[in-house]
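Everything in the sequence shown is counted per my numbering, starting at 14 for the first residue and increasing by one.
For each residue, glycine too, the CB sits at the ideal point set by N, CA and C.
Since we're looking at a predicted model, the values are computed, not measured.
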Amino acid sequence: MSLKIEPLGDALGAEVSDIDLSKPLMEEDIAAVKDAFLDYHLLCFRSDPLAAEDFSAIARLFGEPQLQLIRTTRHGEVPEISVLDSTYKNADQKPADFKLNRKSGWHTDDSYFEVPAKVTLLQSIEIPKSGGHTRFCNTRKAYDDLAEEEKRRIDDLKAVHAYDTMRAPARAKKRTKEEEEETPEVVHPLVRTHEENGSKAIYFNPNRTDRIVGMERKDSDALLDWVNETITQQKYRYDHEWRMGDLLVWDNRCLIHSVNVDFPVGQTRLHQRILLKGARPQ
Ligand code: OGA
Ligand code: MN
């Protein structure tokens, strides 16, 4: 095996090096990468920005790409790729209170769908000179560390996920009629079991989980606030400082993420992204 896999910290994540993503990979390297993905939940490949077709080919090692909801950001030639520009074009776009930038809110991608994407691939095409780290928390570790009694308390709960919730500090983007029709409220288990290894993780999206099914709003809020505090503890967290061309692959079934939106106004922050089809959370 030619590649190297090294942990990025105690909480989650590993860096894969000595690999050229623009060339076909050897079978044994592919197998090692897939195993490492299940163990670490996030992989970072140091790379140059990839051509759309190469990016798409890497994504297919991990699963099947799906079209993303928002039409306007789809790549012209390879529509399964979205091009995400998070640059502050002018000072008005950068709020004094970072919480008001939706990206700074913790979330797991696409949980407003009945069948959310299992994996996200995100590659930096251009990065600001400072800031803009993407932060991750490991909700599998957070679940594992709960007391048996706490696990029992949440094990069978179900939660309503919506495109937006008043619980989130910032409002979601406005959808078109078509996008709205595709995103009614959905119900997911609060604790989900990973299809590929049977492990359990808390499945909570602070930006989109509105309430626990069958609970009064006040009790539901108290429980979700506690879940939120539990899973975002420092010990479960890894902050990724982007280098140009870094390609992150992460598991939305057991991680949440958010962006430190502290980067300077006028410096381009641009990524390409692919989401992979998942299974209904169980
Ligand atoms: C995403 C996302 C993080 C970033 O692509 O799902 O949340 O760093 N992006 O821009
Ligand atoms: Mn995201």
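Applying the criterion that 16 or more other CB atoms from any shown protein chain within 10 Å of the CB defines a buried residue, is residue i buried or exposed?
i: Asn265; result: buried
i: Val272; result: buried
i: Thr196; result: buried
i: Gly279; result: exposed
i: Arg256; result: exposed
i: Pro294; result: buried
i: Gln247; result: exposed
i: Ala44; result: exposed
i: Pro141; result: buried
i: Pro219; result: buried
i: Lys154; result: buried
i: Asn114; result: buried
i: Thr84; result: As written in the sequence, residue 84 is Arg, which differs from the Thr given in the question. Exposed.
i: Ser35; result: exposed
i: Ser124; result: buried
i: Ser233; result: buried
Please tell me whether, using a cut-off of 7 Å, the distance from the CB of residue i to the nearest non-hydrogen atom of the ligand OGA is below it.
i: Asp122; result: yes
i: Lys164; result: no
i: Lys112; result: no
i: His88; result: no
i: Val21; result: Checking the sequence shown, residue 21 turns out to be Leu, not Val. No.
i: Leu283; result: no
i: Thr133; result: yes
i: Thr147; result: yes
i: Arg266; result: no
i: Lys116; result: yes
i: Arg250; result: no
i: Leu6; result: Residue 6 falls outside the range modelled here, since the chain spans only 14 to 295, and no answer is possible.
i: Arg97; result: One point to set straight first is that residue 97 is Leu, not Arg, in the sequence displayed. Because some heavy atom of the ligand OGA lies under 7 Å away, the Cβ of Leu97 counts as near it: yes.
i: Arg84; result: no
i: Arg286; result: yes
Going along the chain, which residues of its own chain have a beta-carbon closer than 7 Å to the beta-carbon of residue i, five neighbours each way excluded?
i: Leu299; result: As shown, the chain starts at 14 and ends at 295. That puts residue 299 outside it, with no answer to give.
i: Gly76; result: Lys131, Val132, Leu289, Lys290
i: Arg188; result: Tyr176, Thr196
i: Thr245; result: Trp119, Cys150
i: Ser137; result: Trp255, Met257, Gly258, Asp259, His284
i: Asn103; result: Val278
With the cut-off set at 8 Å, would you say residue i and residue j are in Cβ contact?
i: Glu66; j: Leu80; result: no
i: Ile287; j: Pro78; result: yes
i: Asp168; j: Val199; result: no
i: Leu283; j: Glu139; result: yes
i: Ile18; j: Ala49; result: yes
i: Leu134; j: Leu237; result: no
i: Leu25; j: Val262; result: no
i: Thr152; j: Leu74; result: no
i: Asp223; j: Thr178; result: yes
Shorter than 7 Å, the distance from the beta carbon of residue i to the closest heavy atom of the ligand MN, or not?
i: His270; result: yes
In its own chain, which residues sit with a C-beta less than 6 Å from the C-beta of residue i, not counting the 5 before and 5 after it?
i: Pro37; result: none
i: Gly258; result: Ser60, Asp61, Pro62
i: Tyr249; result: Ala24, Cys150, Asn151, Lys154, Ala155
i: Ala181; result: Gly118, Asn220
i: Thr100; result: Thr281, Arg282
i: Asp275; result: Gly144
In chain order, what residues of the same chain lie with their CB nearer than 8 Å to the CB of residue i, ignoring the 5 residues before and after it?
i: Val226; result: Leu170, Lys171, Ala172, Val173, Val200
i: Asp52; result: Ala27
i: Val240; result: Ile167, Leu203, Ile215, Phe217
i: His88; result: Ala65, Ile94, Ser95, Val96, Gln285
i: Glu192; result: Leu82, Ile83, Arg84
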